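**Student:** Residues in the first sequence are numbered from 9 upward in steps of one, following this note's numbering.
We put the CB at the ideal spot given by N, CA and C, even for glycine.
These figures come from a predicted structure and were not determined experimentally.
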Amino acid sequence: MPELPEVETTRRGLAPHLLGANIVSFAIRNDRLRWPIPGDMPLRGQTIQSLERRAKYLLLKCDAGTLILHLGMSGSLRILPLDVPAEKHDHFDLLLDNGKMMRLRDPRRFGAVLWHEGDIESHPLLSRLGPEPLESFDADHLYRTVKSRNVAIKQLIMDSQVVVGVGNIYASEALFLAGIRPQRRNLGLAGCARLAESIKTTLKAAIDAGGSTLRDFVNASGNPGYFQQQHWVYGRSGEPCMRCGTPIRQIRQGQRSSFYCPNCQK
DNA sequence: CTAATTCCCTGGAAGC
DNA sequence: TGCTTCCAGGGAATTA
Numbered sequence: 009m010p011e012l013p014e015v016e017t018t019r020r021g022l023a024p025h026l027l028g029a030n031i032v033s034f035a036i037r038n039d040r041l042r043w044p045i046p047g048d049m050p051l052r053g054q055t056i057q058s059l060e061r062r063a064k065y066l067l068l069k070c071d072a073g074t075l076i077l078h079l080g081m082s083g084s085l086r087i088l089p090l091d092v093p094a095e096k097h098d099h100f101d102l103l104l105d106n107g108k109m110m111r112l113r114d115p116r117r118f119g120a121v122l123w124h125e126g127d128i129e130s131h132p133l134l135s136r137l138g139p140e141p142l143e144s145f146d147a148d149h150l151y152r153t154v155k156s157r158n159v160a161i162k163q164l165i166m167d168s169q170v171v172v173g174v175g176n177i178y179a180s181e182a183l184f185l186a187g188i189r190p191q192r193r194n195l196g197l198a199g200c201a202r203l204a205e206s207i208k209t210t211l212k213a214a215i216d217a218g219g220s221t222l223r224d225f226v227n228a229s230g231n232p233g234y235f236q237q238q239h240w241v242y243g244r245s246g247e248p249c250m251r252c253g254t255p256i257r258q259i260r261q262g263q264r265s266s267f268y269c270p271n272c273q274k
């Protein structure tokens with residue numbers, strides 16, 4: 009699943025192929041993603057100025073506006089030669105003047121391709137987002153939020169208004185590293201500090217792991233460079249904790265699975 | 001306002 | 001073997 013590290017890895021993989029390129033045209037094969045892909049985006053002739061990431065959104069900034077991309081649950085972006093035939097779930101292509109194209113594949117169609125002109129931070133999807141976890145996010149901010157809300161800590165750190173980019177997998181992993189149970193509601197400043205640090209550590213480690221697979225990014229037959237992460241607790245229900253051997257527990261929180269070690273996490 | 005729930009979608013695994 | 005059922009998840013939209 010593309011979480012923040014996968015999106016960042018994708019951004020780094022795409023950037024050298026996209027920056028400075030001119031958009032010749034685009035193709036929409038199936039516009040039914042999270043929202044319909046606008047058919048009238050004025051992309052033709054635009055030069056790609058930068059490729060940034062905000063939360064899990066990729067922002068492809070052009071002369072006249074920004075192409076907003078989201079990978080949803082199953083989306084991937086690849087750079088391919090122009091003549092590679094599209095397969096079943098290849099919904100959107102961006103054709104460039106350098107002989108390459110960027111292709112979006114998204115079987116479950118939870119992703120998005122949108123166009124926005126003007127200040128990108130004011131876009132409705134971006135304007136209410138909380139801090140980036142690897143930038144301005146810290147213990148004080150988390151502690152203040154914990155005190156002002158009455159929800160389980162796991163759901164809090166997955167709330168994009170609190171901090172962006174923490175998906176279901178890394179939420180469980182970060183809570184394990186911090187020694188905090190996912191259902192906890194009261195958390196002191198020290199606990200918040202451990203958790204904020206664990207979130208940063210977890211995401212950074214995953215981004216670093218992704219870097220080693222970047223060489224596979226441009227590959228017509230291979231995968232787009234996502235990577236298998238070694239998980240402490242996620243998906244390991246009933247298996248022994250790698251720290252203490254206690255069986256990992258699985259619970260439901262807000263229709264999502266959470267995993268934790270009942271001995272290591274209090 | 002906050003918190004909880006529903007919904008979009010397909011592929012893969014499990015069950016019969 | 002082939003069907004049916006369940007589950008996964010981002011996050012906006014909806015409901016309580």
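Since Leu22 is in the alpha helix (DSSP H), which residue starts that stretch and which ends it?
**Tutor:** Leu12 to Leu26
**Student:** If distances are taken between C-alpha atoms only, which option among Gln263, Arg264 and Gly243 comes closest to Ile256?
**Tutor:** Gly243
**Student:** Based on the DSSP secondary-structure assignment, which residues constitute the bridge partners of Tyr65?
**Tutor:** Arg62 and His78
**Student:** Can you give me the C-alpha to C-alpha distance between Asp224 and Thr209, rounded to a whole angstrom?
**Tutor:** Legend: pLDDT at Asp224 = 42, less than 50; position of this residue unreliable, value from coordinates given subsequently. If I take the Cα positions, the gap works out to 25 angstroms.
**Student:** Near Ala63, what residues of its chain come up, given a Cβ to Cβ distance below 7 angstroms and the 5 sequence neighbours on each side ignored?
**Tutor:** Leu137, Ser168, Val172 and Gly173
**Student:** Mind checking who Val277 pairs with in its DSSP beta bridge?
**Tutor:** Because the chain is modelled from 9 through 274, residue 277 falls outside the range shown and cannot be assessed.
**Student:** Beta-carbon separation of Leu59 and Phe34 under 8 angstroms?
**Tutor:** no
**Student:** Quick check on this structure: which residue in Met109, Phe184, Trp43 and Gly175 has the alpha carbon closest to the alpha carbon of Met250?
**Tutor:** Phe184
**Student:** Go through the segment 73-137 residue by residue and report every complete run of the alpha helix (DSSP H) that reaches 4 residues or more, in order.
**Tutor:** none
**Student:** Between the alpha carbons of Glu125 and Leu68, how many angstroms are there, rounded?
**Tutor:** 12 angstroms
**Student:** Please name the residue in Pro141, Glu140, Leu122 and Pro139 whose C-alpha comes closest to that of Pro132.
**Tutor:** The residue with the shortest Cα to Cα distance from Pro132 is Leu122.
**Student:** Going by DSSP, name the residue or residues bridged to Tyr268.
**Tutor:** Arg257
**Student:** Per DSSP, which residues does Cys70 bridge with? Please list them.
**Tutor:** Ile56
**Student:** Take Gly119 and list the residues in its own chain whose beta-carbon comes closer than 6 angstroms to its own, dropping the five residues that flank it on each side.
**Tutor:** So the list reads Leu41, His78, Leu79, Gly80 and Gly83, once near-sequence residues are dropped.
**Student:** May I ask you to check if the CB of Arg264 is nearer than 7 angstroms to at least one heavy atom of the ligand ATP?
**Tutor:** No copy of the ligand ATP occurs in the structure displayed, which carries no ligand at all.
**Student:** For Trp240, count the other beta carbons within 10 Å of its own beta carbon; 16 or more makes it buried, fewer makes it exposed. Which is it?
**Tutor:** buried
**Student:** Where does Arg202 land, buried or exposed, given buried means 16+ other C-beta within 10 angstroms?
**Tutor:** buried
**Student:** Just to confirm the assignment: which complete alpha helix (DSSP H) runs, minimum length 4, are found wholly within the segment 153-181?
**Tutor:** 161-165
**Student:** Would you identify the three-state DSSP class for Arg202, choosing helix, strand or coil?
**Tutor:** helix
**Student:** What does the alpha-carbon distance come out to for the pair Ala217 and Asn176?
**Tutor:** 18 angstroms
**Student:** Which residues share a DSSP beta bridge with Arg2?
**Tutor:** What the structure shows of the chain is the stretch from 9 to 274, and residue 2 is not part of that stretch, so it cannot be assessed.
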